[in-house]
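Numbering (this note's numbering), first residue to last: 28 to 166. These notes are about the structure you will find just below.
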Amino acid sequence: MFLTRVFFITLFLCISAVSGPVFSAIQILPYSYAGNYKGTLYYPEPMTQKMGVIIYNYDEYFTQFGKESAKEHGYDIDEIARLFMLKGYLLFVPERTSETTLAIQGAILAMRKHPYVDAQRIHMMGISIGASLSILSTV
């Protein structure tokens, strides 16, 4: 079932050709799980109901070079967030996911408790090492 979700999300991104602005807000969320972490939650404004969330686990490039450098090389997290919001999902990007599965496991728990998140609709996806760590985090 998990792999089915990963496939669906990948397919969803490939066929999404929707354009137009989605007004969103960004919230930096600290959380603890065998260490202190933080992540960025992208959400539409105003929030009128709970929504599903995609926990997006990136690769080491994003960690090493930062958001702006990654964007210059075609890795635009803001655009990814916009596409998910157009489909009715929030996007949560935990930091340090390329270093440890604990950051991802903590992100799952943090999203289950967040007031904007429908705890029955938490999904994950990842790029490169982030994909591998996503799978390892569910074991």
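Built from N, CA and C at the ideal position, the CB exists for glycine as well.
Comparing alpha-carbon positions, the option among I154, R109 and F119 lying closest to G133 turns out to be F119. If you compare the alpha carbons of H150, M138, R139 and R123 with that of I156, the shortest gap goes to R123.
In the DSSP annotation of this structure, the continuous segment of the alpha helix (DSSP H) that includes A137 starts and ends at T128 to K140. In this structure P71 touches S51 by the C-beta definition: roughly 5 Å separates them, less than 8 Å. Secondary structure of D105 (DSSP, three-state): helix.
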